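Chemist: Under my numbering, the letters of the sequence shown match residues 102 to 392, in that order.
This is the structure, below, for whatever I ask next.
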Amino acid sequence: MVMLTDLHGHGGGGHAFGETVEGTLAAAAAHRAAGTSAMVASLVSLPLDVAAHAMGVVRAAMEADSSILGVHLEGPFLSPARKGAHAPKNLIDPSPDAVSRLLEDGDGIIRQITMAPELPGALDAIGRFVEAGVIVAVGHTEADAALTRAAFDQGATLLTHGFNAMRGIVGREIGPVGAALDDERVFIELIADGIHVDPALIAAVFRAAPGRVVLVTDAMAAACAADGSYVLGSLDVEVREGKAVLAGTDTIAGSTLTLARAVEVCVAAGVARTEAEAAASAVPRALLGLN
């Protein structure tokens, strides 16, 4: 049995993870109905007190629904230059006090955190999160390949939604994706919706990093729901023909993807079904220590 497991999704069925217990349970149920067996509830960058409340909401939902595996903090330690759909006012540096606060408030349910390694104190913070058993992902970053490698040497083992919200690969500067491709310790998230990454490039990454691709949805509330107006964190989002963007802009704001559809996009791009299914099941589960 293929147990589709989503490391990175913010909601679905019209609800965002972490806002209310009922909405968190409804979002998880929407993804289960679409074929996902388990998921990590992602939270966008929030003020620390709001993040603490949201993690408490997810904790309560976890007690009622074992398919919710914990929390992914996508921020607040992100680069303002690569903020994507994160409110700039909520972005902060990973000071020792801020790291301690998140670890204390999370109290064992933080499965993953996305960080920009160029921020002051970030490399030390990566070590602290890794020591606490948290998967650290490099993302929403201006880091070059050398700094990304330093983050991997500190214990980061994942790249958040590869190719999105980071430098690309060029001949003399291969950036975060190139550094991840070159390091067999590191796994690479891909949002395989045909919007975030070209399908031909998705297939190329599967060939270049066999067994290290992790399919994620980065789904927001509009996944498994209708087009229309939504909110992601505190930002207004418009969804048209399944594509989510910040209202009034062309900035992508998560996706409306399900993992089952991500697998089909990969297969259509030429990835072997067994490899695509593993990237949405066995690989993320191994990363989470569930296999």
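Just so you know, even glycine gets a beta-carbon here, dropped at the ideal spot from N, CA and C.
Quick caveat, the model's predicted, so the values are computed rather than measured.
Leaving aside the five residues before and after A377 along the sequence, list all residues of the same chain whose C-beta is less than 6 angstroms from its C-beta, in chain order.
Modeler: Here residue 377 corresponds to residue number 276 of the sequence shown, with the count starting at 1. Here the set comprises V364, C367 and V368.
Chemist: Three or more C-beta pairs closer than 8 angstroms, one from the segment 105-113 and one from the segment 324-336: is that the case here?
Modeler: yes
Chemist: So within the segment 157-234, which uninterrupted beta strand (DSSP E) runs reach at least 3 residues, ignoring any that extend past its ends?
Modeler: 169-175 and 211-216
Chemist: Enumerate in chain order the residues of its own chain whose CB-to-CB distance from R250 is below 6 angstroms, with the five nearest sequence positions on each side excluded.
Modeler: Residue numbering aside, residue 250 sits at position 149 when the sequence shown is read from its first letter. Excluding sequence neighbours, R250 sits near A280.
Chemist: How many whole angstroms separate the CB atoms of A152 and H173, which I take to be in contact at a CB cut-off of 8 angstroms?
Modeler: Reading the sequence shown from its first residue, position 51 is the one you call residue 152. Reading the sequence shown from its first residue, position 72 is the one you call residue 173. A152 to H173, Cβ: 12 angstroms. No contact.
Chemist: Does the separation of the CB atoms of T396 and A247 fall below 7 angstroms?
Modeler: Residue numbering for the chain in the displayed model covers 102 to 392; residue 396 lies beyond these limits and cannot be assessed.
Chemist: Starting from the C-beta of G276, find all residues in its chain whose C-beta is less than 7 angstroms away, skip the five residues before and the five after it, and write them out in chain order.
Modeler: For the purposes of this step, residue 276 is taken as residue 175 along the sequence shown, with counting starting at 1. The answer, listed in chain order, is D245, A246, M267, R268, G269 and I270.
Chemist: Should the segment 126-145 be regarded as contacting the segment 163-180, the criterion being three or more beta carbon pairs within less than 8 angstroms?
Modeler: yes
Chemist: Just checking, does the segment 281-290 make contact with the segment 336-350 on the three C-beta pairs under 8 angstroms criterion?
Modeler: no
Chemist: Run through DSSP, which three-state label would L291 get?
Modeler: For the purposes of this step, residue 291 is taken as residue 190 along the sequence shown, with counting starting at 1. Strand.
Chemist: Determine which residues share a DSSP beta bridge with L126 and list them.
Modeler: Taking the sequence shown and counting its residues from 1, the one referred to as residue 126 is at position 25. Note: L126 sits in no beta bridge, so no partner.
Chemist: Is it buried or exposed for P221, if we count other Cβ within 10 angstroms and need 16 for buried?
Modeler: Residue mapping note: residue 221 aligns to position 120 of the sequence shown, counting from 1. Result: exposed.
Chemist: Quickly, what does DSSP pair S143 with across the bridge? List them, please.
Modeler: Taking the first residue of the sequence shown as 1, we reach residue 143 at position 42. For S143, which the question treats as bridged, DSSP gives the partners H173.
Chemist: Determine the contact status of L204 and A233, defining contact as a CB-CB distance below 7 angstroms.
Modeler: As a working note, residue 204 is residue 103 in the sequence shown. As a working note, residue 233 is residue 132 in the sequence shown. Yes; because the gap between Cβ atoms is below 7 angstroms, this pair is in contact.
Chemist: Straight-line CA distance for D294 to R362?
Modeler: As a position in the sequence shown, residue 294 is number 193, starting the count at 1. As a position in the sequence shown, residue 362 is number 261, starting the count at 1. Between D294 and R362, the C-alpha separation is close to 8 angstroms.
Chemist: CB-CB under 6 angstroms to A182, same chain, minus the five flanking residues each way: which ones, in chain order?
Modeler: Position 81 of the sequence shown, counting from 1, holds the residue named residue 182. The answer, listed in chain order, is E243.
Chemist: For T215, tell me which candidate among D166, I353, V159 and I289 has the shortest Cα-Cα distance.
Modeler: Translated into positions along the sequence shown, residue 215 becomes position 114. Of D166, I353, V159 and I289, the residue nearest in Cα terms is I289.
Chemist: Please report the straight-line C-alpha distance between A322 and T357, rounded to a whole angstrom.
Modeler: Along the sequence shown, one-based indexing puts residue 322 at 221. Along the sequence shown, one-based indexing puts residue 357 at 256. About 8 angstroms.
Chemist: Can you give me the Cβ contacts of V372 inside the same chain, cut-off strictly under 6 angstroms, excluding the 5 residues immediately before and after it?
Modeler: The residue given as residue 372 occupies position 271 in the sequence shown. Taken in chain order, the residues that qualify are A304 and F307.
Chemist: Who pairs with E342 in a beta bridge, going by DSSP?
Modeler: The residue you call residue 342 lines up with position 241 of the sequence shown. Beta-bridge analysis with DSSP links E342 to no other residue.
Chemist: So, using beta-carbon positions, are R229 and L149 closer together than 7 angstroms?
Modeler: As a position in the sequence shown, residue 229 is number 128, starting the count at 1. As a position in the sequence shown, residue 149 is number 48, starting the count at 1. In this structure, R229 lies away from L149, with their beta-carbon atoms at least 7 angstroms apart.
Chemist: Does the contact criterion of 3 or more C-beta pairs under 8 angstroms hold for the segment 373-392 versus the segment 307-318?
Modeler: Touching, yes.
Chemist: So what does T106 bridge to, in DSSP terms?
Modeler: On the sequence shown, position 5 is the one that residue 106 refers to. DSSP output for T106 lists A139 as bridge partner(s).
Chemist: By Cβ distance below 7 angstroms, which residues in the same chain neighbour A257 in space, the five residues on each side in sequence not counted?
Modeler: For the purposes of this step, residue 257 is identified with residue 156 of the sequence shown, where counting begins at 1. Excluding residues within five positions, the ones whose Cβ falls inside 7 angstroms are I227, V237, A238 and V239.
Chemist: Buried or exposed: which applies to T350, given that a residue is buried once 16 or more other Cβ atoms fall within 10 Å of its Cβ?
Modeler: Indexing the sequence shown from 1 puts residue 350 at position 249. Exposed, since its Cβ has fewer than 16 Cβ neighbours within 10 Å.
Chemist: Is it true that the CB of L347 sits closer than 7 angstroms to the CB of A186?
Modeler: Your numbering for residue 186 matches position 85 in the sequence shown. Your numbering for residue 347 matches position 246 in the sequence shown. Against a cut-off of 7 angstroms, the Cβ pair of L347 and A186 comes out as a contact.
Chemist: Starting from A238, trace the alpha helix (DSSP H) both ways and give me its first and last residue.
Modeler: Position 137 of the sequence shown, counted from the start, is the residue given in the question as residue 238. The continuous stretches of alpha helix (DSSP H) do not include A238, which lies in the beta strand (DSSP E) extending over residues I236 to V239.
Chemist: For A320, collect the residues of the same chain with a Cβ closer than 8 angstroms to its Cβ; drop the 5 residues on either side in sequence, then sort them by chain order.
Modeler: In the sequence shown, counting from the first residue as 1, residue 320 sits at position 219. The answer, listed in chain order, is D107, G110, H111, G112, G113, H132, G355, S356, T357, L358 and T359.
Chemist: Kindly give me the distance between the Cβ atoms of A165 and P218, rounded to whole angstroms, as I take these residues to be in contact under 8 angstroms.
Modeler: Walking along the sequence shown from the start, residue 165 turns up at place 64. Walking along the sequence shown from the start, residue 218 turns up at place 117. About 36 angstroms separates the two Cβ atoms, so there is no contact after all.
Chemist: Starting from L302, trace the beta strand (DSSP E) both ways and give me its first and last residue.
Modeler: Against the sequence shown, residue 302 aligns to sequence position 201. Element bounds for L302: not the beta strand (DSSP E) but the alpha helix (DSSP H), P300 to A309.
Chemist: Thinking M104 and A139 are a contact (beta carbons under 8 angstroms), I'd like their distance in whole angstroms, please.
Modeler: Counting from one through the sequence shown, the residue named residue 104 turns up at place 3. Counting from one through the sequence shown, the residue named residue 139 turns up at place 38. Taking a contact as a CB-CB distance under 8 angstroms, the pair M104 and A139 counts as one, their CB atoms being some 7 angstroms apart.
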